[in-house]
Amino acid sequence: MEAPLADVWVYLSASPLAALTFTLIAYQIGLALARRARLHPLVNPVLIAVALIAGLLIATDTPYETYFDGAQFVHFLLGPATVALAIPLYRQFDKVRRSAFAILASLLTGSVTAAASAVGLAALFEAAPETLASLAPKSVTAPVAMGISDALGGLPSLTAVLVILTGILGAALGPLVLDLVRVRDWRARGFAIGVAAHGIGTARALQVNETAGAFSGLAMGLNALATALLLPLLWRLVF
Amino acid sequence: MLGALTVILSCQLIGEILVAASGAPVPGPVVGMVLLFAGLMVRGRIPDALARVGDALLTNLALLFVPAGVGVVLHLGLLGREGLAITVSLLVSTLVTIAVTALVMRWSLRGDGGPTDVSVEPAKDEDR
Chain A
67 MEAPLADVWV YLSASPLAAL TFTLIAYQIG LALARRARLH PLVNPVLIAV ALIAGLLIAT
127 DTPYETYFDG AQFVHFLLGP ATVALAIPLY RQFDKVRRSA FAILASLLTG SVTAAASAVG
187 LAALFEAAPE TLASLAPKSV TAPVAMGISD ALGGLPSLTA VLVILTGILG AALGPLVLDL
247 VRVRDWRARG FAIGVAAHGI GTARALQVNE TAGAFSGLAM GLNALATALL LPLLWRLVF
Chain B
574 MLGALTVILS CQLIGEILVA ASGAPVPGPV VGMVLLFAGL MVRGRIPDAL ARVGDALLTN
634 LALLFVPAGV GVVLHLGLLG REGLAITVSL LVSTLVTIAV TALVMRWSLR GDGGPTDVSV
694 EPAKDEDR
């Protein structure tokens, strides 16, 4: 009885099909729960899906590399999706052009605040140097952040996890913070979420309001650019 | 449909090639986004097929972060050791960044014909 079942598992874990299917199932469970909670920001589908799959990998003693071999087909689509952000940006371009100065000012402030506050706080708690370098680009979209982290002496795979946790936190708690500081303008709300919480924040902003989504996507792209250019220079000055 | 996907992938590919050739510290897909945007400006409108493919990708944007997020299993030891530092840092930094960015943006948007714009709606709608 036991041998055939194990054989099936060996077969499944050697093919990308299982990892791909589990990724889609776990995300749809997350999505269903989020809809049940009427899109309450604290019920985040990415967090639920990650927890389900991580739990499954640990329970079955499956290496992450085996999972990623299959899941990379989903991961790959991050690139084309980033390119596609040009579409909401084009639809909203009139609003973007009229706020060019505000965009530049808040981009620079937000970009520096994100990196400096994360590194400063972790340093206060005496985190290891490689943890600090992995944290610095945490508000930048995953593929770019991993490159920056590598350049600073961090661990790119740890950075990917910290980036995604940041995105989940920003998407979940961002709306509450924005209500607290009473910023109601969709342009400012979207831009702030995009600077702090990259693609995961943008995914949520797109669900809520198209203007917020466009400004969030723009903020994510500009922040990736600004952080990639500025952070390595600042890092050398400080450390 | 296939044509639209080809356009998107071509923008990304050209972006990656430009980045590799110039050594610029900018991600290829972001350059691809700029290229697609420039193309739309030249064209003057969004072709229907491109809008459909783009919207399909962006509707499911959150799903695309799941595989990298599962990488958390590689770092459970480190996250356990430095859990407090990482939790406080991520939480406080993210919330402060959102508040500061939004306030600077609101402050600098003043006098641009401003927040009486149609884009302003009650904040309550955010949480639906």
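Protein chains in written order, with the numbering used here: chain A, 67 to 305; chain B, 574 to 701. Where is the CB? At the ideal position from N, CA and C, for every residue including glycine. For clarity, every value in this text was computed on a predicted model and none was experimentally measured.
Item                                                                                                                           : Value
Residue-chain proximity (B/Val639, chain A), Cβ-Cβ < 8 Å                                                                       : yes
Outcome for A/Thr87 when other beta-carbon atoms lying within 10 angstroms are tallied against a minimum of 16                 : exposed
Delimiting residues of the alpha helix (DSSP H) encompassing A/Gln138                                                          : 130-142
In chain order, each alpha helix (DSSP H) run of at least 4 residues that lies wholly inside the region 581-629 of chain B     : 601-616
Extent of the continuous alpha helix (DSSP H) run through A/Gln273                                                             : 252-274
Expected contact under 8 Å - CB spacing of A/Ala19 and B/Leu631 to nearest Å                                                   : No answer is possible for residue 19 of chain A: the residues shown for chain A start at 67 and end at 305.
Cβ of A/Arg163 within 8 Å of any chain B Cβ                                                                                    : no
Chain-ordered chain B contacts of A/Pro82 [CB-CB under 9 Å]                                                                    : Within 9 Å Cβ-Cβ: nothing; A/Pro82 doesn't reach chain B, min ~11 Å.
Endpoints, the alpha helix (DSSP H) within which A/Thr225 is located                                                           : 222-246
Chain-ordered neighbours of B/Arg679 on chain A, where CB pairs are closer than 7 Å                                            : Val249, Asp251, Ala254
C-alpha gap between A/Asp73 and B/Leu668, whole angstroms                                                                      : 48 Å
Nearest-angstrom beta carbon gap, B/Val626 and B/Leu586 [assumed within contact, 8 Å]                                          : So it is not a contact: roughly 16 Å between Cβ atoms.
Sufficient close CB pairs (3 or more, under 8 Å) joining the region 158-176 of chain A to the region 108-116 of chain A        : no
Chain B contacts made by the region 161-188 of chain A, where a contact means CB separation under 7 Å                          : Lys161, Arg164, Ser165, Phe167, Ala168, Ala171, Ser172, Thr175, Gly176, Thr179, Ala180, Ser183, Ala184, Leu187, Ala188
Interface positions of the region 145-158 of chain A facing chain B (Cβ-Cβ less than 8 Å), listed along the chain              : Gly145, Pro146, Ala147, Thr148, Val149, Ala150, Leu151, Ala152, Ile153, Pro154, Leu155, Tyr156, Arg157
Endpoints, the alpha helix (DSSP H) within which A/Pro203 is located                                                           : Unbroken run through A/Pro203: none, as it is neither H nor E.
Interface residues of chain B facing A/Ile230 [CB-CB closer than 7 Å]                                                          : Phe638, Ala641, Gly642
7 Å CB neighbourhood of A/Met212 in its chain, flanking five on each side removed                                              : Pro222, Thr225, Ala226
Cβ-Cβ separation, A/Ser205 to A/His141 (assumed contact under 8 Å), whole Å                                                    : Going by Cβ atoms, the distance from A/His141 to A/Ser205 rounds to 20 Å, so no, they are not a contact pair.
Chain-order list of residues whose beta-carbon lies under 8 Å from that of A/Gly267 (same chain, five-residue window excluded) : Gly233, Gly236, Ala237, Gly240, Ile259, Gly260, Ser282, Met286
Contact test: A/Val243 Cβ vs the ligand MN heavy atom, cutoff 7 Å                                                              : In terms of ligand content, the structure shown is empty, and the ligand MN therefore cannot be addressed.
For A/Leu123, the nearest candidate out of B/Val645, B/Gly576, B/Leu663, B/Val592 (CA to CA)                                   : B/Val645
Beta carbon of A/Ala254 nearer than 8 Å to that of B/Ala675                                                                    : yes
B/Pro602 at chain A interface by Cβ criterion, 8 Å                                                                             : yes
Separation of B/Leu609 from B/Val615, as counted between CA atoms                                                              : 10 Å
Min CB distance B/Ile587 to chain A below 8 Å                                                                                  : no
A/Ser81 to A/Thr128 span [Cα, whole Å]                                                                                         : 13 Å
Cβ shell of B/Cys584 (< 6 Å), same chain only, five flanking positions each side left out                                      : Gly605, Leu608, Leu609
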